[in-house]
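K.L.:
In our numbering, the protein residues as written are 1110 to 1161.
Here you go, one structure.
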């Protein structure tokens, strides 16, 4: 499962894959639709046991 994180804290629901997380990040305006670059402080990564 994947999620959007801001400054190391999870700020989105879990997504089944990275592409789904990017699509919603673009819709939310925190990722560029042309380059998929995220705004500063955001990252998309797999959810680990420590994140739960």
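Positions of the beta carbon are idealized from the N, C-alpha and C atoms, including for glycine.
Only a predicted model underlies this, so the values are computations on that prediction, with no experimental measurement involved.
Grab me the residues of residue 1145's own chain with a C-beta within less than 6 Å of its C-beta, minus the 5 sequence neighbours each way, in chain order.
P.N.:
1131
K.L.:
The beta strand (DSSP E) spanning residue 1135 covers which residue range?
P.N.:
Looking at the DSSP string, residue 1135 is not in any beta strand (DSSP E); the run it does join, the alpha helix (DSSP H), is 1127-1137.
K.L.:
Measuring only the C-alpha atoms, how far is residue 1148 from residue 1137?
P.N.:
Put simply, the backbone Cα of residue 1148 is about 11 Å away from that of residue 1137.
K.L.:
In angstroms, rounded to a whole number, what distance separates the CA positions of residue 1110 and residue 1154?
P.N.:
9 Å
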